[in-house]
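**Q** When we follow my numbering, the leftmost residue of the sequence shown carries the number 667, and every step to the right adds one.
Every residue gets a Cβ at the ideal spot worked out from N, C-alpha and C, and that includes glycine.
Treat the numbers as computed from the prediction; the structure is a model and nothing was measured.
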Amino acid sequence: MPQFPEGVRIERGAGGLDRLVLSAAEGEAHVFLQGGHVSHFQPKGEKPVLWMSGRSRFETGTPLRGGVPICFPWFGPKVGSPDAPMHGYARILAWAVAGITREPDGSLRAGLELTPEAAARGGFPYELALSLTVRVGRALRMELAARNVNGAPVTFEEALHPYFAVSDVRQVRIRGLEGVSYLDKTAAMARKPGEAEPIAIAAETDRVYLGTSGPVAIEDPGWHRRIVIGKCGSSTTVVWNPWIAKAKTMPDFGEDEWIEMVCVESANAADDAVTLAPGATHVMAATIEVYSSPA
Ligand code: TA6
């Protein structure tokens with residue numbers, strides 16, 4: 667068993683899946699080795715920031731429902747391969763722990779990797795080596811680095827796809843995308859003009875905002891808090907809530923759970939897909955912070 671810093675342990679989580687428990691001074695996080703999947707983040711004194719479905723499956727090779735799935739190297743269905751897993755292979759394969767350190771500020775930094783060999787063993791393309799760095803303290807920072815180990819350029823899509831826990835999705839407002847046009851996945855990817863006001867969720871919402879690199883805030887009046895998602899190396903922002911009917915179609919999604927969550931995803935998808943030269947590396951990072959707002 668590798669030697670981990672104080673506050674770090676590896677344990678059998680739900681379904682017998684191994685997960686890292688990172689307990690730093692100012693916050694804690696859990697990361698399942700399957701998928702490099704952050705399933706929990708909670709700053710000290712705050713409610714959990716990430717949502718997990720009570721119906722999530724915890725089975726080898728099956729995506730967890732909630733937390734921060736890693737979508738890679740395609741987003742959504744794989745074009746031309748109807749049998750390929752939705753959102754790529756990274757979230758359904760076993761990652762390895764590369765190293766864990768305690769930082770001077772008391773935060774914990776865990777490195778995980780998904781090697782091309784692991785992708786090949788899963789029967790997937792193996793031109794890209796993937797690593798994830800998770801740093802937890804008062805904030806949660808995730809860095810996804812993709813390196814092209816192939817002799818030719820490789821194009822891929824990616825997303826850090828967090829499910830945020832909210833008091834009532836019908837009450838939240840999402841700021842930072844005002845006035846920006848988007849592709850509406852509920853309307854066959856029709857391009858829609860941006861709205862002047864912060865986003866309110868009042869129906870199934872599945873929007874792909876291309877060319878967006880700025881921070882987004884989820885304002886939650888019910889829990890008197892604001893969740894701020896900052897990012898770098900990402901040009902796409904996706905906002906998703908399944909609402910009533912879509913939630914009912916997902917067996918790993920409880921009937922009324924749509925009220926408790928909203929996804930604001932940092933991605934590079936569609937026109938924003940990344941093309942990497944041989945030997946090159948691309949890093950996409952997202953930082954999640956929580957601020958209390960006046961009652
Ligand atoms: O990011 C939004 C989305 O692409 C939705 O269209 C919905 O499919 C969601 O991801 C969840 O996908 P999953 O494969 O995890 O059920």
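Determine the contact status of residue 902 and residue 938, defining contact as a CB-CB distance below 8 Å.
**A** In contact: residue 902 and residue 938 (Cβ atoms closer than 8 Å).
**Q** What does the alpha-carbon distance come out to for the pair residue 918 and residue 725?
**A** 12 Å
**Q** Does the ligand TA6 have even one heavy atom less than 7 Å from the beta-carbon of residue 739?
**A** no
**Q** Would you tell me roughly how many angstroms separate the C-alpha atoms of residue 801 and residue 689, rounded to the nearest one?
**A** 11 Å
**Q** Could you give the DSSP three-state label for residue 908: helix, strand or coil?
**A** coil
**Q** State the DSSP-derived secondary structure class of residue 709, mapped to helix, strand or coil.
**A** Here residue 709 sits in strand by DSSP.
**Q** For the structure I just gave you, are there three or more beta carbon pairs, one from the region 819 to 831 and one from the region 928 to 936, closer than 8 Å?
**A** yes
**Q** Could you compute how far the alpha carbon of residue 783 sits from the alpha carbon of residue 809?
**A** If you draw a straight line from the Cα of residue 783 to the Cα of residue 809, it comes to about 21 Å.
**Q** Residue 783 lies in the alpha helix (DSSP H); which residues open and close that run?
**A** 782 to 787
**Q** Quick check: the region 891 to 898 against the region 848 to 860, are at least 3 beta-carbon pairs closer than 8 Å?
**A** no
**Q** Give the DSSP bridge partners of residue 680, in chain order.
**A** Residue pairing by DSSP leaves residue 680 without any beta bridge partner.
**Q** With a CB to CB cut of under 7 Å and the five nearest residues on each side skipped, what residues in its chain are close to residue 708?
**A** 693, 694, 714, 715
**Q** How do the region 788 to 807 and the region 832 to 850 stand: do at least 3 beta-carbon pairs fall below 8 Å, yes or no?
**A** no
**Q** Pick helix, strand or coil for residue 867, following the three-state DSSP scheme.
**A** Three-state DSSP puts residue 867 in coil, outside helix and strand.
**Q** Have a look at residue 891 and residue 840 and give me their C-alpha separation to the nearest angstrom.
**A** 12 Å
**Q** What number of angstroms, rounded off, separates the C-alpha of residue 885 from the C-alpha of residue 811?
**A** 29 Å
**Q** So, residue 757 versus residue 743, is the Cβ gap smaller than 8 Å?
**A** No, the Cβ-Cβ distance between residue 757 and residue 743 is not below 8 Å.
**Q** Between residue 729 and the ligand TA6, is there a pair consisting of the residue's CB and a ligand heavy atom that are separated by less than 7 Å?
**A** With a threshold of 7 Å, the Cβ atom of residue 729 counts as near the ligand TA6, since some heavy atom of the ligand is closer than that.
**Q** Report the residue from 774, 804, 730, 700 whose alpha carbon sits nearest the alpha carbon of residue 759.
**A** 700
**Q** Could you check whether the Cβ of residue 752 sits closer than 7 Å to any heavy atom belonging to the ligand TA6?
**A** yes
**Q** From what residue to what residue does the beta strand (DSSP E) around residue 839 run?
**A** 839 to 841
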